[in-house]
DNA sequence: CATGAAATGCTCATGCGGAGCATAAGGGAG
DNA sequence: CTCCCTTATGCTCCGCATGAGCATTTCATG
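Chains as they are written, first to last, in this note's numbering: chain A, 1 to 312; chain B, 1001 to 1312.
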């Protein structure tokens, strides 16, 4: 939802000029991988200044993305607004308004620096779809505990251990896939992720320019939260799909596996999809019915909400 | 959560200068009424430009509110960023970053134009706590249907009726208290609310400067949604309170009544509060136990979420 | 025709949330 | 002092959503 003002407002004092910048986190899921649209060979998100020619913040964002990546956009929503703590030489500040967009990946010609990257390239520890715990989890664990032990006083150490426990789901707590930002900041504080690539970086995960990696984390967090109460996943699906494909897409986003039968039950009982009458036979086993998203139903339900199940 | 950049970023092209303005929706609940902090005799929200001296967007917001109202702030979170469609003479644009704050009302000396207003003064139709349906609901109903009938074609008319039905909970749908913004925009389109006061305004509700009324609506919507999954209500409560006082506060925000026993059950089973050992006797009936919010428990549960029940 | 891989159908146990009934404990009126 | 009114508290019931599995069905393949 893009909100635009239609009335005039007097100009505030001139001392407060700033640069308003638009940054886009554009997501697609291809071949079971959640991917984000990047420029500069995977090191930056599409972005550009908010200009006089832009009809709205959202329109400006669309414009920059299309100009920089030549990729069409679908669903777009505002994410968060960040302010730059530093000042430029001119005594100005930058306010960055970020947007989250969902599309289906299409091949576009043009700048070779433009492309889609799996978002787990930047946050490898966020992918928990593998049945067995990857070695990475242990590495992070060890490093974080070591960091907690470097605390000056006992209280700080306790607090760090508590944060580790909560964000990474230790001590009987369950892994909460929405705490991406909290985990990222914890790893940052612990010095386990760096902005610039380093040979010594113990916890993999590629960096990005400025705070783009943090903005991406914010976008992932928002998306992971949103798929639970709004049927936004369908923005990432082709016109016709099987229920397993739909499930794999949700799993890719959430970074965790779901219970198949329950997933089907929830999707079907909510009337979110309807059969097309055709089946997909290339699935390897029994052919799967092809479904189509029912936009009309969602319009009805509008904001009433419809969830997707996330098995623990 | 306030996010601040700590790294430098080069200045984008100079053509994109803008005015970054901060606007605050500060909420308190006093005597069972949800109230918002205003300046200019109830016609505007506290606001001011984002300046070089501000450490962050949130800090800037706090600064402006305290400077304009002399009222201390507690919990603050970012709400939404709006862009002004119009341009100023200087070819600049305004980007308004709004914040939502929660506090307890304290009496402050100073500007007589500063004060707390019941938010239902601006959105009277949002208060559904009365057991009997107020005449206002009928008025709105009639007016909206009349508006739907002015549609040029049948499709538009059907669409309008559908929107009315969804947002106002007709045709077997239930009233969804979170659809404040949708209802406001519908009333706006129907010409039932105006920005400037008019004698003919059929649907009560006071206007505000610029788009402040819309921003307030956004804040209310956010708050109504948030109390369902985060224990933010406690930011509005005194140190010690009875469960009924807590319930009345939630009801004031949600604009609807709750089932008493279920409310207590939910609050208690979540361990959100603990007894102080004292009782409040001025309640009119049997003395009620006084409780205190357990911040520690919430810190533990952190983002796991804790809800408050909203009876249908 | 036997097997493997998915797709589908169903059953069960649990927990939460919506509604109500019933009892307890003060204050005030008669 | 007793009855009545009001609010506080305790508990019970029921329906539904959700987490887990078991069992069958339906193709492709060797």
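Ideal placement from N, C-alpha and C gives every residue a C-beta, glycine not left out.
If you draw a straight line from the Cα of residue 1115(B) to the Cα of residue 83(A), it is about 30 angstroms long. In this structure, the CA atom of residue 279(A) is about 10 angstroms from the CA atom of residue 286(A). Secondary structure note for residue 1183(B): its alpha helix (DSSP H) is the uninterrupted segment 1180-1189. According to the DSSP assignment, residue 1250(B) belongs to the alpha helix (DSSP H) that extends over 1243-1254. Not flagged as an interface residue toward chain A: residue 1067(B), since no C-beta distance is shorter than 8 angstroms. Going by DSSP, residue 1261(B) is part of the alpha helix (DSSP H) stretching over 1260-1269.
For residue 1064(B), the enclosing alpha helix (DSSP H) covers residues 1057-1069. Residue 1078(B) belongs to the set of residues whose beta carbon lies under 8 angstroms from a beta carbon in chain A. Secondary structure at residue 1274(B): strand, using DSSP grouped into helix, strand and coil.
Think of a sphere of 8 angstroms around the beta carbon of residue 1039(B): no beta carbon from chain A falls inside it, the nearest being about 14 angstroms out.
Segment contact: the stretch 265-282 of chain A against the stretch 144-154 of chain A, fewer than three CB-CB distances shorter than 8 angstroms; contact not assigned.
Taking a Cβ-Cβ cut-off of 9 angstroms, residue 1213(B) has no neighbours in chain A, whose nearest Cβ is about 11 angstroms from it. Shown here for residue 1274(B): same chain residues with a beta carbon closer than 7 angstroms to its own, the five before and five after excluded, namely 1291, 1292, 1294 in chain order. Cα atoms of residue 1256(B) and residue 1174(B): separation of roughly 12 angstroms, rounded to the nearest angstrom. The stretch 19-43 of chain A contains, as complete beta strand (DSSP E) runs of 3+ residues, the segments 33-38 (chain order).
In this structure, the CA atom of residue 26(A) is about 5 angstroms from the CA atom of residue 37(A).
The residue among 162(A), 138(A), 128(A), 134(A) with its C-alpha nearest the C-alpha of residue 177(A) is 128(A). Distance between residue 1208(B) and residue 1219(B), taken at the CA atoms: about 14 angstroms. Take the alpha-carbon of residue 1125(B) and the one of residue 1213(B): they are about 14 angstroms apart. DSSP places residue 1291(B) in the strand class (E or B) of the three-state scheme. If you check the CB distance, residue 1075(B) and residue 1098(B) do not come in under 8 angstroms. When rounded, the separation of the alpha-carbon atoms in residue 1113(B) and residue 1078(B) is 25 angstroms. For residue 191(A), none of the residues of chain B pass the 8 angstroms Cβ criterion, the least Cβ distance being about 14 angstroms.
Rounded to the nearest whole angstrom, the CA to CA distance from residue 1132(B) to residue 44(A) is 57 angstroms. The DSSP-derived three-state label of residue 171(A) is coil. A Cβ of chain B is located within less than 8 angstroms of the beta carbon of residue 17(A).
Against chain B, a Cβ distance below 8 angstroms from residue 233(A) picks out nothing, because the smallest value is about 20 angstroms. Residue 68(A) and residue 32(A) have their C-alpha atoms spaced approximately 25 angstroms apart.
Here residue 276(A) is near residue 240(A), since their CB atoms are less than 8 angstroms apart.
Nearest neighbour of residue 231(A) by Cα position, chosen from 41(A), 188(A), 296(A), 217(A), turns out to be 296(A). A direct Cα-Cα distance of roughly 27 angstroms separates residue 135(A) from residue 28(A).
No Cβ-Cβ contact shorter than 8 angstroms links residue 236(A) with residue 22(A). Between residue 169(A) and chain B, the shortest Cβ-Cβ separation is not below 8 angstroms. Membership of residue 217(A) in the alpha helix (DSSP H) is indicated by the continuous run 212-226.
Beta-bridge partners of residue 1166(B) (DSSP): none assigned. For residue 60(A), same chain residues with a beta-carbon under 6 angstroms away, outside a window of 5 residues either side, are 22, 50, 54 in chain order.
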